[in-house]
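What follows is a short report on a single structure.
There are 2 protein chains.
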Amino acid sequence: MSGQTSAKRAGTATISDVARAAAVSTATVSRVLNGNYPVADSTREKVMAAVRKLRYSANANARALASSDTHTVGVILDDVVDPTFSYIVRGVEEAVTRADRLAIVAASRGSPEREIELIERMRDQRTDAVIVVGGAYANEGVRRRMAAQARALDDMGSTLVLCGRPSLGAHLPTKLVGYDNEGGAFAITEHLISLGHQRIAYVGGPTRLSTTVARVSGYRRAFEGRGLQTDETLIRLGQFGRRFGYQQLRELIASEADFTAVFAGNDMVAVGAMDALTEAGLRVPEDISLVGYDDIPQAYDLQPKLTTVHVPLEELGRAAVRIGLPNEDFYERHEADHVTLGTHVVVRDSTGPPP
Amino acid sequence: MSGQTSAKRAGTATISDVARAAAVSTATVSRVLNGNYPVADSTREKVMAAVRKLRYSANANARALASSDTHTVGVILDDVVDPTFSYIVRGVEEAVTRADRLAIVAASRGSPEREIELIERMRDQRTDAVIVVGGAYANEGVRRRMAAQARALDDMGSTLVLCGRPSLGAHLPTKLVGYDNEGGAFAITEHLISLGHQRIAYVGGPTRLSTTVARVSGYRRAFEGRGLQTDETLIRLGQFGRRFGYQQLRELIASEADFTAVFAGNDMVAVGAMDALTEAGLRVPEDISLVGYDDIPQAYDLQPKLTTVHVPLEELGRAAVRIGLPNEDFYERHEADHVTLGTHVVVRDSTGPPP
DNA sequence: TTGAAAGCGCTAACAA
DNA sequence: TTGTTAGCGCTTTCAA
Chain A
1 MSGQTSAKRA GTATISDVAR AAAVSTATVS RVLNGNYPVA DSTREKVMAA
51 VRKLRYSANA NARALASSDT HTVGVILDDV VDPTFSYIVR GVEEAVTRAD
101 RLAIVAASRG SPEREIELIE RMRDQRTDAV IVVGGAYANE GVRRRMAAQA
151 RALDDMGSTL VLCGRPSLGA HLPTKLVGYD NEGGAFAITE HLISLGHQRI
201 AYVGGPTRLS TTVARVSGYR RAFEGRGLQT DETLIRLGQF GRRFGYQQLR
251 ELIASEADFT AVFAGNDMVA VGAMDALTEA GLRVPEDISL VGYDDIPQAY
301 DLQPKLTTVH VPLEELGRAA VRIGLPNEDF YERHEADHVT LGTHVVVRDS
351 TGPPP
Chain B
1 MSGQTSAKRA GTATISDVAR AAAVSTATVS RVLNGNYPVA DSTREKVMAA
51 VRKLRYSANA NARALASSDT HTVGVILDDV VDPTFSYIVR GVEEAVTRAD
101 RLAIVAASRG SPEREIELIE RMRDQRTDAV IVVGGAYANE GVRRRMAAQA
151 RALDDMGSTL VLCGRPSLGA HLPTKLVGYD NEGGAFAITE HLISLGHQRI
201 AYVGGPTRLS TTVARVSGYR RAFEGRGLQT DETLIRLGQF GRRFGYQQLR
251 ELIASEADFT AVFAGNDMVA VGAMDALTEA GLRVPEDISL VGYDDIPQAY
301 DLQPKLTTVH VPLEELGRAA VRIGLPNEDF YERHEADHVT LGTHVVVRDS
351 TGPPP
């Protein structure tokens, strides 16, 4: 009774241990575990009993090696605490879970170098897809290296998904998920114009090539559509961020520029702008109307609540995994390589007619 | 010249391909790649050249299988968009990166069931550690199953790290990272008392067993220390969250309860409380002083800026991976199994003497 | 419906 | 300093 107790070796039970305990072959154990093959009910039960008894946990690495399917997807983003990103991650996590997978998430913290490195790490991991969220390409060199990564991933049957980020270039094996930046910007500028505003400042990013450049285009198109002129001195391009919004508004106010509304490139810029406005004793929306972009929770918490463009962040994340994963039963097949989600204006309390 | 071009098979180059291209053995390739063994400079270069030429990416799964070291750590939390959690995740991600590893993150979204399942998944992945962030144990059954997972992880050489979460019980193979809930609550209540407040309401969680119960204890101890009585009708236990703060404050105000200050169990509760206060025409801090707990960014954005207890969230995350990972060169050895980080009061503009 | 056995791509003795 | 050779724990033909 004390013969071959091989089970007591350090570590966890393996499939062979289970097979032995159930008096079947490892192949059979594999089959009942994966449920992809006919197995007699009686043996199935024997196996499951052994699994429970041994507290068997299948080694995902061995499984991935043998089946070349890792059941993981990689997510690379700038910073996990940025609400814009964290909502996207929530969507990704949700969809990945539905697809019975796990998400490996890593932050590049503003470094394009690190971003490339991370894609490489994900490649090592053989993730079924790697989703790169937001951001832009610092320069042509980075773009090229990224393109190489896209090809390498494609070679191994994985997919590079660009989520809210500009295309890497045509003919590259990538998939794209974006949202209507231009349309949202157009619509919210229209909203302002139809309230009677004609002198509307634009304050915000992007610094470099990013999908958000389209926000400025939408802003311009709204003016053109009404036969109005934009005043270039009211367009303050620079960065996205609270500080930038604050600084630019202070300057604008100090220079006694003539404007009745402010289109902040995103909600964080709007928060900074609001600070400067309040500080200068200007009331929103009585004296100045203010709008943002993104519709992060803080937009709602602002006093007054911010009128902004809603971006379906969570859905963006979900769409990224849908498009990136090999078609599964529960997803429609033949999904396009390029998905663009809609945006819409959310009118709250920070806009009104000009004084 | 067109003989055995075995490289063109689908997929990626393997270590054998590299070995062949460099005319060395796979062992040698492995050695130069891992740099853990002496290799002649000349061969190293040959190998690296082959690696570059073939765009070789080492299969992390195969590597994990052979070396039983996955270089991954699992993180389980309630929700990635909650700022409290996302700051912790940021710390985890940072430390994990420093340890040359990748983080697998998954959300339990309020389900204890799912939390257990996720630990199981992480176990399948053979993560070097699994960090469970925040939360509590719904009931004894969940606690017990969690304890079983802790043992299973320990058996396979991994570690369950409880981060900002109560102990599972003595003699269980878990590690704990926490912060001084009681001390912070004591200190901020003291702050209020020393300003002259004697009637201080406490509003907030926890609902169930959580490390945050200590906040109420700290509050009580501050009263006792001064020889003061707490008024139990001013202690509104329930949940953490904006809505709860709002509702309770409304009730308190409506009931014409006698209080000059509010200790919100966390910053989100404080935000809700502030809403109710403002709505009732009460000024902070002139009419009522208000304090929170956690020091999330929103505390700073509140109008007036919130006096609160700073919790070192990022450091909490970093500490969790430090304590959970087998001692590495770059980390001090012999770290304790239980780490408690300090908290401190951040005095801002929401507190003042009673009217 | 089940089993035997050949890998998957790597690491780590053990030799040389 | 390098090569040979077992495995690591699983999946998946191919047979039975």
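In order, the protein sequences belong to chains A and B. Sequential numbering from 1 applies to the first sequence in this note's numbering. Sequential numbering from 1 applies to the second sequence in this note's numbering. Where a beta carbon is used, it is the ideal one built from N, C-alpha and C, also for glycine. Just so you know, these numbers come straight off a predicted model, no measurement behind them.
Secondary structure of residue i, DSSP reduced to three states
i: Phe244 (chain A); result: helix
i: Lys46 (chain A); result: helix
i: Asp294 (chain A); result: strand
i: Ala148 (chain B); result: helix
i: His171 (chain B); result: coil
i: Leu33 (chain B); result: helix
i: Thr72 (chain B); result: strand
i: Arg283 (chain A); result: coil
i: Val213 (chain A); result: helix
i: Ser289 (chain B); result: strand
i: Arg236 (chain A); result: strand
i: Val39 (chain A); result: coil
i: Ser2 (chain A); result: Legend: pLDDT at Ser2 (chain A) = 29, less than 50; position of this residue unreliable, value from coordinates given subsequently. The answer is coil: DSSP assigns Ser2 (chain A) none of H, G, I, E or B.
i: Thr308 (chain A); result: strand
i: Ala319 (chain A); result: helix
i: Val24 (chain A); result: coil
i: Tyr56 (chain B); result: coil
i: Asn327 (chain A); result: coil
i: Thr185 (chain B); result: Just to set this straight, residue 185 (chain B) is Ala in the shown sequence, not Thr. Three-state DSSP puts Ala185 (chain B) in a helix.
i: Gly141 (chain B); result: helix
Spatial neighbours of residue i in its chain, beta-carbon cut-off 6 Å, leaving aside the 5 residues before and after
i: Ala276 (chain B); result: Tyr246, Leu249 and Arg250
i: Ala27 (chain A); result: none
i: Thr14 (chain A); result: none
i: Pro206 (chain A); result: Thr212 and Val213
i: Val29 (chain B); result: Ile15, Val18, Ala19 and Val47
i: His71 (chain B); result: Arg101
i: Phe259 (chain A); result: Arg199, Ala201 and Leu234
i: Tyr56 (chain A); result: Ala13 and Val18
i: Ala337 (chain B); result: The sequence given here places Asp at residue 337 (chain B); Ala does not occur at that position. Same-chain partners within the cutoff: Lys175.
Pair within 9 Å by beta-carbon distance, residue i and residue j
i: Val269 (chain A); j: Val203 (chain A); result: yes
i: Arg21 (chain A); j: Lys53 (chain A); result: What sits at residue 21 (chain A) in the sequence shown is Ala, not Arg. Yes, the Cβ-Cβ distance between Ala21 (chain A) and Lys53 (chain A) is below 9 Å.
i: Val75 (chain A); j: Ile131 (chain A); result: yes
i: Thr12 (chain A); j: Asn59 (chain A); result: yes
i: Ala299 (chain A); j: Val105 (chain B); result: no
i: Ala136 (chain A); j: Leu209 (chain A); result: yes
i: Gly317 (chain A); j: Glu140 (chain A); result: no
i: Leu195 (chain B); j: Ala261 (chain B); result: yes
i: Val96 (chain B); j: Val81 (chain B); result: no
i: Ala319 (chain B); j: Val177 (chain B); result: yes
i: Leu162 (chain B); j: Ile119 (chain B); result: no
i: Gly227 (chain B); j: Glu190 (chain B); result: no
i: Asp78 (chain A); j: Asp128 (chain A); result: no
i: Asn111 (chain A); j: Ser86 (chain B); result: First, the amino acid is wrong: residue 111 (chain A) is Ser here, not Asn. Not a contact, by the Cβ cut-off of 9 Å.
i: Gly164 (chain A); j: Val133 (chain A); result: yes
i: Asp301 (chain A); j: Asp301 (chain B); result: yes
Beta-bridge partners of residue i, as assigned by DSSP
i: Ala107 (chain A); result: A:Leu77
i: His191 (chain B); result: Beta-bridge pairing links His191 (chain B) to no other residue.
i: Tyr179 (chain A); result: A:Leu341
i: Phe263 (chain A); result: A:Tyr202 and A:Val291
i: Val271 (chain B); result: Paired residue(s): none; Val271 (chain B) is not in a bridge.
i: Ile131 (chain A); result: A:Val75 and A:Val161
i: Leu102 (chain B); result: B:Thr72
i: Val346 (chain A); result: A:Thr308
Close-in-space but distant-in-sequence residues of the same chain around residue i (CB under 7 Å, 5 per side omitted)
i: Arg220 (chain A); result: Thr230
i: Val284 (chain B); result: Met274, Leu277, Leu290, Pro304 and Ser350
i: Ile253 (chain B); result: Ala276 and Ala280
i: Arg145 (chain B); result: Ile116
Cβ shell of residue i (< 8 Å), same chain only, five flanking positions each side left out
i: Glu286 (chain A); result: Gly352 and Pro355
i: Ala150 (chain A); result: Leu160, Leu168, Leu172, Pro173 and Thr174
i: Ala147 (chain B); result: Leu168, Gly169 and Leu172
Decide yes or no for the touch test of the segment 19 to 39 of chain B against the segment 122 to 133 of chain B: beta carbon pairs closer than 8 Å, at least 3 of them.
-> no
Tell me, please, whether the segment 90 to 106 of chain A touches the segment 310 to 325 of chain A by the rule of three or more beta-carbon pairs shorter than 8 Å.
-> yes
Touch test, the segment 287 to 304 of chain A against the segment 260 to 268 of chain A, Cβ-Cβ under 8 Å, three pairs minimum | yes
Given 8 Å as the limit, is there contact between the segment 170 to 190 of chain A and the segment 213 to 228 of chain A, that is, 3 or more CB pairs closer than that?
-> yes
So does the segment 39 to 46 of chain B actually touch the segment 55 to 74 of chain B, counting three or more Cβ pairs closer than 8 Å?
-> no
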